[in-house]
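J.:
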């Protein structure tokens, strides 16, 4: 016998079905909650199947984001073998049925049937350290996107209060720029404060810069305030929003800085982090993202599997005498990994980047490949290099 338990995972609960062997379902479907009592019920089902078949059943389930994490952790703690199936595979299997029935119990039943049809590789669990790194890098990206949105909203309000303030500081979102604007806010406030008071405030907010620099900035602000088209703010709501956005921007900067230091500290403990950074054009943030998304390199026994995992393998289409010559990438892998690799290629093609990558890119362009096709070819090549370096535990050697 080859027993299996299919689990259809949803938020807070799961539906299951037991098969003793191919074509031999056992009993009715069962349901359990994702708590200690419910997980104990799952363990009782596993024990019952083990007694009846004299074999420990394999558990098969779909990948469902974070909903299945509680079940997976429980199975790992009890040494139960499990398989996590790509939802694309299970969805295609469901479409093969002529009957349009969609329930959680039926989905669990079909997962069991899929287990006997396909040859699945054992689930290779990722290490806790790299999972922590992945969570932090993804959180960093999420906060960065939110930070960008707040910056855009802040600019929209500033354009209606003090538009000429933009050109005063090299970085509008620097701490001294935001703190100064929070303290005075409107052109009228700046004019009332006077140039000397503004210069003193700037110097106190940025003690690392010279007094002369603070005086120059204060002079520019006074001139900009005098020429500002909005000498009087008609809507007090703009002032409330501006202060709110300044507070949010400062908080986001603090959180992103803290996250960045945590990512760097965690990544420094992994040898592969330094190996990936040895490729010219790849900095700390991109290297940490690539490493965290790939995970342990031994999960892939060939570079082509890593390419497919990133979703940059080509769509192949051929029918009869027709064979497509213009193929797109599948984009069925890790979007975060693809984005990080794309940024790494853009950085690597700069003058200070990788000479080997630049040579490969120029060769593709000279052969008539369009710009984006050549870039994707570089992404593919870069990923092959990363795979080889991580397997061999060697640093990258660029052209002289």
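Numbering (our numbering), first residue to last: 37 to 436.
Heads up, the beta-carbon is just placed ideally off N, CA and C, and yes, glycines get one too.
From residue 220 to residue 254, what does the alpha carbon distance come to, in whole angstroms?
T.: Rounded to whole angstroms, residue 220 to residue 254 spans 12 Å at the Cα level.
J.: Between which two residues does the beta strand (DSSP E) containing residue 64 stretch?
T.: Where residue 64 is concerned, the enclosing beta strand (DSSP E) stretches over 60-69.
J.: Can you tell me whether residue 104 is buried or exposed? The criterion is at least 16 other CB atoms within 10 Å of its CB, across all chains shown.
T.: Buried, by the Cβ-count rule.
J.: Is residue 304 helix, strand or coil when you go by DSSP?
T.: Here residue 304 sits in coil by DSSP.
J.: Could you check how far apart the C-beta atoms of residue 311 and residue 431 are, in whole angstroms? I think they sit under 8 Å.
T.: Going by Cβ atoms, the distance from residue 311 to residue 431 rounds to 6 Å, so yes, they are a contact pair.
J.: If you run the structure through DSSP and keep just helix, strand and coil, what is residue 94?
T.: Strand at residue 94.
J.: Going straight from the alpha carbon of residue 231 to that of residue 196, what length do you get?
T.: If you take the alpha carbons of residue 231 and residue 196, they lie about 23 Å apart.
J.: Do residue 274 and residue 193 come within 8 Å of each other at the CB atom, strictly closer than that value?
T.: Taking 8 Å as the Cβ cut-off, residue 193 and residue 274 qualify as a contacting pair.
J.: Can you grab the Cα-Cα spacing for the pair residue 315 / residue 376, in whole Å?
T.: Going by the C-alpha atoms only, they are around 14 Å apart.
J.: Excluding the five sequence neighbours on either side, which residues of its own chain have a C-beta within less than 6 Å of the C-beta of residue 38, listed in chain order?
T.: Closer than 6 Å at the Cβ level, and outside the excluded window around residue 38, lie 57.
J.: Does the segment 390-398 come close enough to the segment 409-421 to have 3 or more Cβ pairs within less than 8 Å?
T.: With the cut-off at 8 Å, the segment 390-398 and the segment 409-421 touch.
J.: Residue ranges of each alpha helix (DSSP H) run of no fewer than 4 residues wholly in the segment 304-377, ordered along the chain?
T.: DSSP runs (the alpha helix (DSSP H)) wholly in the segment 304-377: 307-313, 320-330 and 339-346.
J.: Can you tell me which of 372, 293 and 262 puts its alpha carbon nearest to the alpha carbon of residue 322?
T.: Among 372, 293 and 262, the Cα nearest to that of residue 322 is on 372.
J.: How far does the beta strand (DSSP E) with residue 433 in it extend, from its first residue to its last?
T.: Looking at the DSSP string, residue 433 is not in any beta strand (DSSP E), and its letter there is neither H nor E.
J.: Between residue 278 and residue 165, what straight-line distance do the alpha-carbon atoms span, to the nearest angstrom?
T.: Computed Cα separation, rounded: 40 Å.
J.: Between 163, 154, 173 and 285, which has its C-alpha nearest residue 17's C-alpha?
T.: This structure gives no information on residue 17, because the portion of the chain shown stretches from 37 to 436.
J.: I need the DSSP call for residue 153, collapsed to helix, strand or coil.
T.: Correct three-state label for residue 153: helix.
J.: Less than 8 Å between the CB atoms is what I'm expecting for residue 129 and residue 111, so what's the real figure, rounded?
T.: Their Cβ separation, rounded to whole angstroms, is 22 Å, which puts residue 129 and residue 111 out of contact at 8 Å.
J.: For the candidate residues 228, 239, 227 and 200, whose alpha-carbon lies nearest to that of residue 215?
T.: When only C-alpha atoms are compared, the closest one is 239.
J.: By alpha-carbon positions, which one of 212, 99, 98 and 106 ends up nearest to residue 76?
T.: The option with the nearest alpha carbon to residue 76 is 106.
J.: With the cut-off set at 8 Å, would you say residue 172 and residue 313 are in Cβ contact?
T.: It is not a contact, given that the beta carbons lie outside the stated cut-off.
J.: By the three-class DSSP mapping on this structure, what secondary structure does residue 44 have?
T.: Correct three-state label for residue 44: strand.
J.: Rounded to whole angstroms, what's the CA-CA distance from residue 429 to residue 339? Just pull it up for me.
T.: Cα to Cα, residue 429 sits roughly 15 Å from residue 339.
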